[in-house]
Amino acid sequence: MNGVAKRGGVLNKKTTIWALVTLTGSVAALTQSFAAPTAAAHKTPAGGAIERVGGHPNFSGVWSVMNTANWNIEPHLASAALELRPGPVVPVPAKAVVALGAVGSVPAGMGVVVGGAIPYTPEAQAQRQENQKHYLERDPEVKCDLPGVPRANYMPFPFQIVQSAKTLLISYEYDGGVRDILFNDPGPPPIDSWMGQSVGKWDGDTLVVTVTGQNDSTWFDRAGNFHSGDMKVVERWTLMNENTIRYEAEITDPATFTRPWKMSMLMYRRLGEDARLQQFKCVEFVEELMYGDLRKEPLK
Amino acid sequence: MSKKFSAMLLGAAISALAASAGAAPADAAYKAPLNAYGQPDLEGTWTNATLTVLERPKEYGTRKVMTAEEVKKVEGDDAKMYAADAAPRDPKVKTTDLPHECGKGFSGAGCGYNAAWIDPGNTIMRVNGEPRTSFITDPADGRLPPYKPGVTVPNMYMRAHYGENPENQTLAERCLTSFGYSAGPVMLPLLYNNNYEIAQSKDTVAIVVEMVHDVRMIRIGGKHRTDGDRPWMGDSIGWYEGPTLVVETTNFPEATALRGAWKELKVTERFTRVGPNRILYQFKAEDPTMWDRPWSGEYEFTPSKGRIFEYACHEGNYALEGILSGARADEAAAAEKAKAAVANKTAAATPAPSGTKKQ
């Protein structure tokens with residue numbers, strides 16, 4: 001835990017330095033381009049050219065994380081399976097996933113929760129354990145539901161940002177999820193939804209997105225980490241150089257957590273032949289799981 | 301159900317706010333704005349909801365433009381239908397007492413959808429200010445050219461195996477794509493949710509299709525894939541020609557065939573901003589294995605008032621489960637009935653003497 005806490009501290013300091021660097025940069029850029037929206041290359045001291053559009057850093061491109069947060073946002077060692085059951089000596093993979101062997105096992109990760117552990121209330125902590133026990137029935141990803149925010153950003157699929165001077169759209173490969181970042185705050189969302197309502201503003205060169213109106217049916221990962229329908233997520237997207245984003249998400253949800261907490265991670269630009277969003281319309285992949293027993297002749 | 305219902309209802313409400321097709325004449329002086337990348341700026345939320353249909357009703361013959369009287373009649377009838385539907389009803393009236401014909405192809409008690417649900421547009425499509433009888437302008441009769449001899453177009457509803465397996469149901473019932481051909485290409489309006497959002501970066505145009513949150517990703521300056529894979533909505537590349545975005549789509553999958561065409565289908569779309577509130581949308585579809593000649597047409601997008609809401613179809617899809625379990629229940633009831641009929645017949649043919657045990 002100590003090591004993780006330290007890591008979080010280091011990250012914060014680094015982020016501050018970067019914020020200063022980019023802020024200095026943005027002042028220069030503002031003087032160049034305050035009149036009309038333009039797309040112009042802008043040099044950072046690090047040498048990476050951050051393109052700008054409409055006076056702001058241009059996030060356009062295909063991105064993905066290189067972490068295992070979708071398996072578990074907390075620090076974790078590798079394990080045999082997403083759902084385990086008691087074995088004679090140690091827990092073993094649940095019957096439904098035994099056949100997957102090593103393919104069904106969980107890769108290790110340093111976690112993305114700043115401070116290492118999620119500050120659950122005692123009741124929520126118990127709920128998380130229950131979720132883990134019944135993982136296969138409960139993870140909305142198993143049924144190909146939309147993943148919500150922030151999970152959509154660190155699933156093992158890329159996403160593409162399409163940005164102009166006035167628009168920023170995020171299109172996710174997983175399940176065709178999509179977010180339109182609203183720069184004119186329309187007020188509270190009139191209805192809850194799976195991906196919520198995203199309201200954006202610029203804090204210097206950092207894109208700050210407040211996400212509300214998400215339903216209580218999405219999770220944070222495959223480890224049973226969850227939230228209520230009252231969660232507020234404040235995302236901070238900062239281009240550190242042309243090919244790297246520092247992504248932070250502050251989670252506030254008093255019904256589930258004792259205090260607000262943060263995730264922090266890096267996202268990487270996909271280059272060359274990797275910079276192509278594919279389609280992962282998983283709805284048809286789960287039909288046997290969800291409706292197989294309702295076939296005229298269910299498969300044996 | 302409630303989630304899907306609310307999302308759809310909200311979508312319909314937003315759509316209902318959509319501006320009617322602009323009747324403004326072409327403004328020759330209009331200059332389409334450029335975006336920060338120097339491209340024609342097509343961004344915004346747009347709708348193609350209209351009473352005009354792809355293929356021209358035969359009574360108009362080769363006439364592309366409606367008379368003012370015809371427009372008045374069609375739009376007036378539509379307004380009457382909505383007004384009748386919205387009129388207060390005696391609370392004592394039961395659903396079985398409601399009109400059998402509800403318009404827009406719906407019939408039967410309750411009619412499934414009422415006017416509050418649907419939003420196919422309330423006005424005839426104006427192109428360059430002209431009220432149009434159809435989207436298709438070529439061939440001259442406004443209809444698809446005849447299929448080549450020997451071409452058969454399978455029924456998209458596959459009713460022969462209705463209810464047997466999820467895969468036998470339509471893509472819409474499975475929440476895989478919209479019903480109709482909303483995402484296209486060719487992008488065609490349907491009963492509701494005719495809303496799109498266009499976003500442009502230097503090398504990509506994204507078109508968000510409200511139903512079913514499909515996103516068309518168009519690679520500007522890209523090349524068509526040659527690996528034989530056929531993604532959903534085909535493989536779209538694009539380029540700019542003066543004030544026009546041109547999008548060319550090939551590699552269509554069979555599942556989303558356009559009027560039966562997919563293997564050799566090429567669709568070319570042209571998006572041109574022709575007014576502050578108008579995008580002229582022109583399309584051409586060609587597949588030499590299906591038709592002897594291409595067919596093409598046009599309509600105009602107008603702004604959707606409001607943003608696009610999430611159409612989370614699969615997450616609330618109790619209908620597919622209902623269809624399949626309903627079919628199983630029907631089969632069980634039929635089997636039960638058949639069994640009872642056999643038992644009755646047997647009992648009638650050989651009356652069991654009293655005291656004899658049933659076998």
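So the protein sequences, as listed, match chains W and E.
The numbering of the first sequence is my numbering, which starts it at 1 and goes up by one.
The numbering of the second sequence is my numbering, which starts it at 301 and goes up by one.
Don't be surprised by glycine CBs; every beta carbon is placed ideally from N, CA and C.
- Rounded to the nearest whole angstrom, the C-alpha separation of W/P186 and W/D203 is 19 Å.
- Three or more Cβ pairs closer than 8 Å define a contact, and the stretch 67-77 of chain W meets that threshold against the stretch 149-158 of chain W.
- Comparing alpha-carbon positions, the option among E/Q582, E/I608, E/E586 and E/L545 lying closest to E/L565 turns out to be E/E586.
- DSSP places W/Q127 in no beta strand (DSSP E) but in the uninterrupted alpha helix (DSSP H) bounded by P122 to K133.
- E/N335 and W/A165 do touch by the CB rule: their CB atoms are close to 6 Å apart, below 8 Å.
- Per DSSP, W/M265 is not a residue of any alpha helix (DSSP H); the beta strand (DSSP E) it occupies stretches across W261 to R269.
- Among the residues of chain E, those whose CB is under 8 Å from the CB of W/Q160 are T504, A506 and M517, following chain order.
- In summary, the residues of the stretch 458-487 of chain E whose CB is separated from some CB of chain W by less than 8 Å are G463, E464, N465, P466, E467, R474, C475 and L476, in the order they occur in the chain.
- Between the alpha carbons of W/L239 and E/G338 lies a gap of roughly 24 Å.
- In this structure the stretch 129-147 of chain W touches the stretch 168-175 of chain W; the number of beta carbon pairs closer than 8 Å is three or more.
- Judged by pairs of C-beta atoms under 8 Å, the stretch 549-560 of chain E does not touch the stretch 383-394 of chain E, as fewer than three such pairs exist.
- DSSP places W/I251 in the uninterrupted beta strand (DSSP E) bounded by T244 to T252.
- For chain E, none of the residues of the stretch 231-260 of chain W brings a beta carbon within less than 7 Å of one of its beta carbons.
- Using a 10 angstroms sphere on the CB of E/R593, the tally of other CB atoms stays under 16, which defines it as exposed.
- Here the stretch 132-139 of chain W does not lie against the stretch 594-606 of chain E, with fewer than 3 beta-carbon pairs under 8 Å apart.
- Not flagged as an interface residue toward chain E: W/Q214, since no C-beta distance is shorter than 8 Å.
- Collapsing the DSSP output to three states places W/S64 in a strand.
- In the three-state reduction of the DSSP assignment, E/S625 falls in the helix class.
- The beta carbon of W/P107 is closer than 8 Å to those of T68, W71 and A78 in its chain, skipping five residues each way along the sequence.
- Taken through DSSP and simplified to helix, strand or coil, E/N468 comes out as helix.
- The C-alpha of E/G521 is placed about 15 Å away from the C-alpha of W/G61.
- For the pair E/K331 and W/E74, the Cα-to-Cα distance works out to about 54 Å.
- Judged by their CB atoms, E/T433 and E/M381 are not nearer to each other than the 8 Å cut-off.
- By the neighbour-count definition (other C-beta atoms within 10 Å, threshold 16), W/Q129 is an exposed residue.
- Per DSSP, E/Y599 is one residue of the beta strand (DSSP E) stretching across W595 to P603.
- Cβ-Cβ distances below 7 Å link E/A483 to T477, V509, D514, R516 and M533 in the same chain, with the five nearest sequence neighbours on each side left out; the list follows chain order.
- At a beta-carbon threshold of 7 Å, the residues of chain E lying near W/M195 are E610, ordered along the chain.
- By the neighbour-count criterion, in which a residue is buried when 16 or more other Cβ atoms sit within 10 angstroms of its Cβ, E/R426 is buried.
- Shortest Cα-Cα distance from E/E615 to any of W/V142, W/G111, W/V65 and W/A126 involves W/V142.
- For E/A386, no chain W residue has a Cβ inside 9 Å of its Cβ, as the nearest lies near 22 Å away.
- For chain E, the residues of the stretch 274-288 of chain W that bring a beta carbon within less than 7 Å of one of its beta carbons are L277, Q279, K281, V283, E284 and E287, in chain order.
- With respect to chain W, the C-beta atom of E/L624 has a partner C-beta closer than 8 Å.
- Comparing C-alpha distances from E/R519 to each of E/G538, E/R530, E/D529 and E/S501 shows the shortest one belongs to E/G538.
- Taken through DSSP and simplified to helix, strand or coil, E/H513 comes out as coil.
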